[in-house]
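Participant: Heads up: the sequence shown runs through residues 12 to 625, numbered per the working numbering.
Even for Gly, the Cβ is constructed at its ideal location relative to N, Cα and C.
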Amino acid sequence: MNDAAPAPTPAPVPRRARVRAPELIGKGGWLNTGGKDLTLADLRGKCVVVDFWTFCCINCLHVLDELRELEEKHRDTVVIVGVHSPKFVHEAEHAAVVDAVERYEVHHPVLDDPELATWKQYAVRAWPTLVVIDPEGYVVAQHAGEGHAHAIAKLVEELEAEHEAKGTLRRGDGPYVAPEPVASDLRFPGKALLLPSGNFLVSDSTRHQLVELAADGESVVRRIGSGERGFGRDSFSEPQGLALLPDGRVVVADTVNHALRVLDLESGAVETVAGTGRQWWQGSPTSGPALEVDLSSPWDVAWWQGKVWIAMAGVHQLWTWDPEAGTVEVAAGTTNEGLHDGPAAEAWFAQPSGLAAAGERLWIADSETSALRYVHPTDTGYAVTSAVGTGLFDFGHRDGDAAQALLQHPLGVTALPDGSVAVCDTYNHALRRYDPATGQVSTLATDLREPSDAVLVGEDIVVVESARHRLTRLRLPEEAVRVDAVAHRTQRAATEVAPGTLRLDVVFRAPSGQKLDTRYGPSTRLLVSSTPPELLTGGEGAGTDLFRELELNPAVTEGVLHVSAMAASCDDDPANEYPACHVHQQDWGVPVRVTADGAARLPLVLAGMDDDQD
């Protein structure tokens with residue numbers, strides 16, 4: 012019989028801008044390719060997703076995790092290429108990039124681009140940025156920030172169908188070559204805790220385990236966790252911070268599981284006490300029953316003021332977990348990334364990664380601002396104060412008065428008996444000291460390799476040398492050395508803009524198969540500020556449009572524009588009463604320089620392509 016209805020005509024694939032992808036070049040060369048240099052010609056016939064990342068950036072680490080499912084599901088048609096584009100000086104060291112690729116289990120080719128050559132060719136302005144290249148070598152989409160995996164997966168399926176029909180899709184294995192595994196007791200340990208027994212508990216982050224070491228800091232007593240990435244009773248996912256609870260148990264920041272776990276030291280049993288395993292997004296609850304509220308990359312924990320305080324690196328905030336009430340809530344920070352002091356609810360952080368309780372102060376290693384900060388009680392609640400550090404783009408190794416001292420991406424802080432604090436100055440490979448009594452910063456030790464935490468043991472301090480995969484015991488010196496004048500700014504070139512009115516456009520095109528979610532009002536948000544604040548005489552503040560006319564102060568010739576944008580889109584399927592919704596968000600810090608022949612428009616791509624680009 013031949014009475015079947017004719018097959019429906021396929022919907023036409025929307026036309027996309029035909030922009031030839033620039034070549035991938037980087038002075039540091041290629042990793043995870045077995046020693047082979049790749050070109051775009053080698054990747055012709057594949058759907059290529061270029062991930063511009065840097066290993067200091069928590070949002071970049073989120074994207075690495077988001078891409079794992081896409082990478083596995085479309086292994087024969089998709090090649091993900093990481094382009095490592097450093098912010099900090101340390102991140103431009105090739106050995107550090109090699110370490111990061113192993114540390115974060117990057118299972119695709121990575122181009123080490125220390126001079127930002129490919130970043131500039133693709134006009135990238137934010138970490139992370141994803142660029143999709145079709146099998147014929149044309150750029151078809153760009154996405155800044157996280158939360159785009161669903162849209163990219165949809166686009167990849169369209170590209171597969173389109174180029175399968177055209178005969179331009181090439182299936183088969185990609186260019187990834189796994190490196191040889193290295194045997195050692197620890198692999199990129201994150202944090203350490205001195206146990207009542209005198210032993211150490213260490214988060215063996217890359218191996219997804221906790222390791223108990225004997226008092227010598229070397230002999231393995233036991234391992235806790237299967238060693239496989241997971242969220243079961245016997246598994247972790249890149250655990251970091253550890254803190255002893257008053258009842259003798261240990262709370263663990265299970266970072267990539269977005270959860271807090273509690274370890275019973277006697278039985279070895281592990282239970283989840285906060286988090287759902289899902290990452291927190293804008294609009295999600297910020298307080299409530301601990302097991303019902305999403306968290307975002309908790310990096311460290313500390314017992315202070317009767318609660319567990321959490322360095323919530325993924326959303327630039329501090330949260331608390333109350334074990335008695337079984338609840339969590341935001342304690343400080345707005346989710347905006349930067350350095351802003353004041354009442355806790357108004358403060359800005361940038362990836363808080365280390366905590367240390369000391370009396371009336373909770374010290375914070377605020378990594379992306381290269382700052383040492385603290386929370387303290389006030390008559391009306393809590394406030395945040397910065398001791399060392401000025402913002403997102405100034406860093407280095409300079410001692411002396413705290414107002415001009417510099418750190419470089421610190422990850423750990425330790426309270427010392429005399430009231431001062433030791434700072435694991437991670438990207439300077441140093442242990443630093445800040446003395447609140449004198450306001451002076453000094454250097455306790457150098458030649459450490461990415462120190463990420465430290466614990467006091469009598470008159471010694473035991474440092475987690477993460478990139479040397481060990482604990483290192485040092486005697487606290489009576490006198491510290493002084494380093495005077497190593498200062499850096501980010502390698503990113505400033506964007507030249509014209510004086511007067513600057514048109515800011517955040518480019519957002521709802522991904523294929525989605526539409527803006529306007530059921531409950533505007534689905535977009537834009538927040539603009541500047542450093543120094545005097546850079547803008549108009550246009551700062553919050554609004555719902557993704558464009559803004561900014562007025563530049565003629566008396567200020569350079570600074571940084573801070574732009575935070577969010578857009579919510581939902582699957583566009585009339586037959587689905589409850590469509591899935593997706594949040595797209597990104598923070599930009601854009602260095603600008605005012606010049607007579609600068610641009611009058613600043614486009615920032617959140618998702619899609621900038622149709623007005625030159």
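1. Keeping to the same chain, check which residues put their C-beta closer than 7 Å to that of GLY524; ignore five residues upstream and five downstream.
2. Beta-carbon separation of VAL399 and ALA355 under 8 Å?
3. Suppose the cutoff is 6 Å on Cβ atoms and the five residues either side in sequence are ignored; what does the same chain contact list for ARG29 look like?
4. Helix, strand or coil for LYS526 per DSSP?
5. In this structure, does DSSP put LEU617 in helix, strand or coil?
6. Terminal residues of the continuous alpha helix (DSSP H) containing VAL74?
7. Taking the DSSP output, what are the residues bridged to SER431?
8. Taking only the alpha-carbon atoms, compute the straight-line gap between ILE375 and VAL424 and give it to the nearest angstrom.
9. From MET323 to LEU180, what does the alpha carbon distance come to, in whole angstroms?
10. Going by other Cβ atoms of all chains shown within 10 Å of its Cβ, with 16 needed for buried, is VAL24 buried or exposed?
11. Please say whether TRP310 and ALA264 have beta carbons closer to each other than 8 Å?
12. Report the rounded CA-to-CA distance for SER230 versus GLU476, giving the unit in angstroms.
13. Does the segment 244-258 come close enough to the segment 297-307 that 3 or more CB-CB pairs lie under 8 Å?
14. Should GLU545 go down as buried or exposed, given a rule of 16 or more other Cβ atoms within 10 Å for buried?
15. Would you grab the beta carbon distance between PRO363 and ASP352 for me? Rounded to a whole angstrom, and I think it's under 8 Å.
16. Does any CB atom of chain B fall closer than 8 Å to the CB of PRO363?
17. Can you have a look at ASP62 and say buried or exposed, based on whether 16 or more other CB atoms are within 10 angstroms of its CB?
18. Can you name, in chain order, every residue of its own chain whose Cβ lies under 6 Å from the Cβ of THR140, other than the five neighbours on each side?
19. In whole angstroms, what is the alpha-carbon distance linking PRO645 and THR50?
20. Which residue comes first and which comes last in the alpha helix (DSSP H) that contains ILE163?
21. Closest to ALA448 by CA distance: which of ASP429, LEU81 and CYS68 is it?
22. Beta carbon of ALA285, beta carbon of TRP332: below 8 Å?
23. Using the rule of at least 16 other Cβ atoms within 10 Å of the residue's Cβ for burial, across every protein chain shown, is ASP412 buried or exposed?
24. Is it buried or exposed for LYS38, if we count other Cβ within 10 angstroms and need 16 for buried?
25. Exposed or buried, which one is PRO17 when buried takes at least 16 other CB atoms within 10 Å?
26. Can you find the residues in the same chain that come closer than 6 Å, C-beta to C-beta, to ALA610, ignoring five residues on each side of it along the sequence?
27. Return yes when the Cβ of LEU383 is within less than 8 Å of the Cβ of PRO421, no when it is not.
Facilitator: Inspection of the coordinates gives the following:
1. Taking the sequence shown and counting its residues from 1, the one referred to as residue 524 is at position 513. The residues are LYS165, ASP582 and ASP583.
2. Along the sequence shown, one-based indexing puts residue 399 at 388. Along the sequence shown, one-based indexing puts residue 355 at 344. Result no, Cβ atoms of VAL399 and ALA355 do not sit closer than 8 Å.
3. As a working note, residue 29 is residue 18 in the sequence shown. If we look at ARG29 and ignore the five residues flanking it on each side, its Cβ neighbours are TYR149.
4. By one-based count along the sequence shown, residue 526 stands at place 515. Three-state DSSP puts LYS526 in a strand.
5. The count along the sequence shown starts at 1 and reaches residue 617 at position 606. Strand at LEU617.
6. Working through the sequence shown from its first residue, we reach residue 74 at position 63. Run containing VAL74: 69-84, per the alpha helix (DSSP H) assignment.
7. As a first step, residue 431 must be located in the sequence shown, where it is residue number 420. Paired residue(s): none; SER431 is not in a bridge.
8. The sequence position of residue 375 within the sequence shown is 364, counting from 1. The sequence position of residue 424 within the sequence shown is 413, counting from 1. About 7 Å.
9. Residue mapping note: residue 323 aligns to position 312 of the sequence shown, counting from 1. Residue mapping note: residue 180 aligns to position 169 of the sequence shown, counting from 1. Whole-angstrom Cα-Cα distance: 42 Å.
10. Your numbering for residue 24 matches position 13 in the sequence shown. Below a pLDDT of 50, predicted positions are generally treated as unreliable, and VAL24, at 44, falls in that range; the measurement from the model is reported next regardless. The residue in question, VAL24, is exposed, as its Cβ has fewer than 16 Cβ neighbours within 10 Å.
11. As a first step, residue 264 is located in the sequence shown; it is residue number 253 there, counting from the start. As a first step, residue 310 is located in the sequence shown; it is residue number 299 there, counting from the start. In this structure, TRP310 lies closer than 8 Å to ALA264 by Cβ.
12. What you label residue 230 is simply residue 219 of the sequence shown in a count that begins at 1. What you label residue 476 is simply residue 465 of the sequence shown in a count that begins at 1. Distance between the alpha carbons of SER230 and GLU476: 16 Å.
13. no
14. If you number the sequence shown from 1, residue 545 lands on position 534. By the neighbour-count rule (16 or more Cβ atoms within 10 Å), GLU545 is not buried but exposed.
15. Counting from 1 along the sequence shown, the entry for residue 363 is found at position 352. Counting from 1 along the sequence shown, the entry for residue 352 is found at position 341. The C-beta distance from PRO363 to ASP352 rounds to 14 Å, too long to fall under 8 Å, and the pair is not in contact.
16. Protein chain content of the structure displayed is limited to a single chain, and chain B is not contained in it.
17. Position 51 of the sequence shown, counting from 1, holds the residue named residue 62. Under this definition ASP62 is a buried residue.
18. Reading the sequence shown from its first residue, position 129 is the one you call residue 140. Within the same chain, THR140 has close Cβ partners PHE63 and ALA155.
19. With the chain covering 12 to 625 only, the question about residue 645 has no answer from this structure.
20. Taking the sequence shown and counting its residues from 1, one reaches residue 163 at position 152. Counting along the chain, the alpha helix (DSSP H) containing ILE163 begins and ends at 160-177.
21. The sequence position of residue 448 within the sequence shown is 437, counting from 1. Nearest of ASP429, LEU81 and CYS68 to ALA448, Cα basis: ASP429.
22. Along the sequence shown, read from residue 1 onward, the residue named residue 285 stands at position 274. Along the sequence shown, read from residue 1 onward, the residue named residue 332 stands at position 321. Cβ distance < 8 Å, so ALA285 and TRP332 count as in contact.
23. Against the sequence shown, residue 412 aligns to sequence position 401. Its Cβ having fewer than 16 others within 10 Å, ASP412 is exposed.
24. Your numbering for residue 38 matches position 27 in the sequence shown. With fewer than 16 other Cβ atoms inside 10 Å of its own Cβ, LYS38 counts as exposed.
25. Working through the sequence shown from its first residue, we reach residue 17 at position 6. Since pLDDT at PRO17 reaches only 40, below the 50 mark, its modelled position is unreliable, and no value is offered.
26. What you label residue 610 is simply residue 599 of the sequence shown in a count that begins at 1. The answer, listed in chain order, is VAL508.
27. Walking along the sequence shown from the start, residue 421 turns up at place 410. Walking along the sequence shown from the start, residue 383 turns up at place 372. Taking 8 Å as the Cβ cut-off, PRO421 and LEU383 qualify as a contacting pair.
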